[in-house]
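Report on the following structure.
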DNA sequence: TTCTGACTAGTCAAAATTGAGTAATCAAAA
DNA sequence: TTTTGATTACTCAATTTTGACTAGTCAGAA
């Protein structure tokens with residue numbers, strides 16, 4: 013329900029079309045969610061069926077008609093319910109990249125070290141990138157701070173792993 | 013390819029049936045991967061088609077026949093390739109639970125604080141659980157240490173967020 | 001001995017997700 | 001002016017994932 017919460021939250025601020033929503037999420041929220049275009053439309057369609065949003069056909073000049081989505085009262089209620097649920101529960105994260113670490117001892121220590129250093133480089137690149145993101149307004153600043161905090165903690169841990177080899 | 017790497021790595025140690033693989037992963041690796049039974053069978057079937065593993069019909073006593081999966085030479089090669097790829101790259105994690113935080117300012121500070129404290133409790137429970145997991149042998153110990161390190165870092169961050177409200 | 005609940009070993013149809021399109025508009029270069 | 005490339009707004013078929021079964025075995029209780 014996290015992606016639904018996000019879509020409702022954005023539509024709460026202003027009516028938008030699916031394409032706009034997808035673009036915004038991909039540009040600004042890619043650190044929290046990965047939402048492909050067809051999935052966005054699929055979710056929006058389901059939310060229309062649930063009565064959380066309305067579809068409105070919009071015709072602008074001689075451009076082809078577009079579909080605008082608009083929050084309903086029920087959508088507003090659902091937004092608040094999902095928001096409370098989301099904030100009150102800790103969602104445990106799966107670290108799929110740890111699978112390799114579980115088999116680290118099948119490699120020569122030298123090679124393991126070299127590969128982990130390659131990983132370290134790409135982690136440092138991500139961290140540097142994240143630190144360059146300019147200050148946002150309001151709560152969405154929290155999302156960036158969380159990302160930076162996490163990447164720093166990952167770097168610490170990776171350094172510990174590398175130093176322990178041999 | 014992470015789940016494929018895991019399945020190959022387990023089959024490398026010993027032949028197993030799909031059910032066994034699924035049970036093992038769910039009991040011991042649930043911190044890294046979430047692999048449902050039908051998905052496990054689906055992946056195994058695909059790996060048979062790719063020539064990474066063989067299917068063998070096994071008949072034990074008068075029990076119904078079972079399918080045992082066995083690594084091929086190609087599977088062994090693929091395991092090493094996937095392992096190197098996995099270790100050398102940093103897979104960025106998506107924090108789906110941050111979506112709520114992006115809308116934190118739509119709530120009253122008092123309520124936000126209360127909800128975040130509920131989240132904190134469930135995080136502490138997870139951390140306590142993780143710290144109770146007994147020492148494992150070899151590299152899989154790393155997976156547990158990573159989990160604990162991450163949960164501690166999350167707790168630190170959550171406390172910072174809570175203290176900043178108001 | 002027969003019943004019950006738990007464990008083993010899967011399968012299947014339905015739901016969710018995605019890569020790879022289409023088709024229109026517009027701005028700017030050739 | 002024609003072409004080219006980028007942007008907007010979607011769609012569809014194919015792939016992947018899942019909840020909810022089925023069906024056999026076994027150990028112990030009634």
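Residue numbers (our numbering), protein chains in the order written: chain E, 13 to 178; chain Y, 13 to 178. For each residue, glycine too, the CB sits at the ideal point set by N, CA and C.
With distances taken between CB atoms, is the gap from residue 68 of chain Y to residue 56 of chain Y smaller than 8 Å?
Working through the second chain from its first residue, we reach residue 68 of chain Y at position 56. Working through the second chain from its first residue, we reach residue 56 of chain Y at position 44. No, Cβ-Cβ distance for residue 68 of chain Y and residue 56 of chain Y is not below 8 Å.
Excluding the five sequence neighbours on either side, which residues of its own chain have a C-beta within less than 6 Å of the C-beta of residue 94 of chain Y, listed in chain order?
As a first step, residue 94 of chain Y must be located in the second chain, where it is residue number 82. These residues qualify, in order along the chain: 13, 17.
Where residue 61 of chain Y falls, given that 16 or more other Cβ within 10 Å makes a residue buried:
On the second chain, position 49 is the one that residue 61 of chain Y refers to. By the 10 Å Cβ count, residue 61 of chain Y comes out exposed.
With burial defined as no fewer than 16 other Cβ atoms inside 10 Å of the residue's Cβ, what is the status of residue 171 of chain Y: buried or exposed?
As a working note, residue 171 of chain Y is residue 159 in the second chain. It is exposed - the Cβ of residue 171 of chain Y has fewer than 16 other Cβ atoms within 10 Å.
Which two residues bound the contiguous alpha helix (DSSP H) that contains residue 155 of chain E?
On the first chain, position 143 is the one that residue 155 of chain E refers to. Element bounds for residue 155 of chain E: 152-176.
8 Å Cβ cut-off: residues of chain Y touching residue 17 of chain E:
Walking along the first chain from the start, residue 17 of chain E turns up at place 5. The contacting residues are 111, 112, 115.
What number of angstroms, rounded off, separates the C-alpha of residue 155 of chain E from the C-alpha of residue 73 of chain Y?
Walking along the first chain from the start, residue 155 of chain E turns up at place 143. Walking along the second chain from the start, residue 73 of chain Y turns up at place 61. Between residue 155 of chain E and residue 73 of chain Y, the C-alpha separation is close to 58 Å.
Quick test of the definition: if touching needs 3 or more C-beta pairs under 8 Å, does the stretch 136-148 of chain Y touch the stretch 80-95 of chain Y?
No, because fewer than three Cβ pairs between the stretch 136-148 of chain Y and the stretch 80-95 of chain Y fall closer than 8 Å, the two stretches do not touch.
From Y:41, Y:148, Y:144, residue whose alpha carbon lies closest to that of residue 111 of chain E:
Locating residue 111 of chain E in the first chain gives position 99, counting from the first residue. For the residues Y:41, Y:148, Y:144, the minimum Cα distance to residue 111 of chain E belongs to Y:41.
Report whether the distance from the Cβ of residue 93 of chain Y to the nearest heavy atom of the ligand FAD is below 7 Å.
No copy of the ligand FAD appears in this structure; indeed no ligand is present at all.
With a CB to CB cut of under 7 Å and the five nearest residues on each side skipped, what residues in its chain are close to residue 147 of chain Y?
In the second chain, counting from the first residue as 1, residue 147 of chain Y sits at position 135. So the list reads 153, once near-sequence residues are dropped.
Given a threshold of 16 other Cβ atoms within 10 Å of its Cβ, counted over all protein chains shown, does residue 90 of chain Y qualify as buried or as exposed?
Residue 90 of chain Y sits at position 78 when you count from the first residue of the second chain. It is buried - the Cβ of residue 90 of chain Y has at least 16 other Cβ atoms within 10 Å.
If contact means a Cβ-Cβ distance below 8 Å, which residues of the stretch 39-51 of chain E contact chain Y?
41, 43, 44, 45, 46
At a CB-CB cut-off below 9 Å, which residues of chain Y make contact with residue 138 of chain E?
As a first step, residue 138 of chain E must be located in the first chain, where it is residue number 126. Near residue 138 of chain E (Cβ distances below 9 Å), the residues of chain Y are 102, 104.
Spatial neighbours of residue 59 of chain E within its chain, please: C-beta separation below 6 Å, excluding the five flanking residues on both sides.
Residue 59 of chain E sits at position 47 when you count from the first residue of the first chain. Answer for residue 59 of chain E: 65, listed in chain order.
Any idea if residue 131 of chain Y is buried or exposed, counting beta-carbon neighbours within 10 angstroms, 16 or more meaning buried?
Locating residue 131 of chain Y in the second chain gives position 119, counting from the first residue. Under this definition residue 131 of chain Y is a buried residue.
Name the residues in the stretch 27-39 of chain E whose C-beta lies less than 9 Å from a C-beta of chain Y; which are they?
none
Using the beta-carbon count (16 or more within 10 Å), is residue 37 of chain E buried or exposed?
Taking the first chain and counting its residues from 1, the one referred to as residue 37 of chain E is at position 25. With 16 or more other Cβ atoms within 10 Å, it is buried.
Terminal residues of the continuous alpha helix (DSSP H) containing residue 37 of chain E?
The residue you call residue 37 of chain E lines up with position 25 of the first chain. Start and end: 30-40.
Along chain E, in chain order, which residues have C-beta atoms closer than 9 Å to that of residue 85 of chain Y?
Against the second chain, residue 85 of chain Y aligns to sequence position 73. Ordered by position in chain E, no residue passes the 9 Å Cβ test against residue 85 of chain Y, which lies about 16 Å from the chain.
For residue 120 of chain Y, which of helix, strand or coil comes out of DSSP?
In the second chain, residue 120 of chain Y corresponds to position 108, counting from 1. In this structure, residue 120 of chain Y counts as coil in the three-state DSSP scheme.
Opposite residue 70 of chain Y in the DSSP bridges: which residues?
Translated into positions along the second chain, residue 70 of chain Y becomes position 58. In the DSSP output, where bridge partners are listed per residue, residue 70 of chain Y has Y:78.
In whole angstroms, what separates the C-alpha of residue 96 of chain Y from that of residue 106 of chain Y?
As a working mapping, residue 96 of chain Y is identified with position 84 in the second chain. As a working mapping, residue 106 of chain Y is identified with position 94 in the second chain. Taking the straight line from one Cα to the other gives about 23 Å.
Within the 8 Å Cβ cut-off, does residue 81 of chain E reach chain Y?
In the first chain, the residue the question calls residue 81 of chain E occupies position 69. No, no contact with chain Y.
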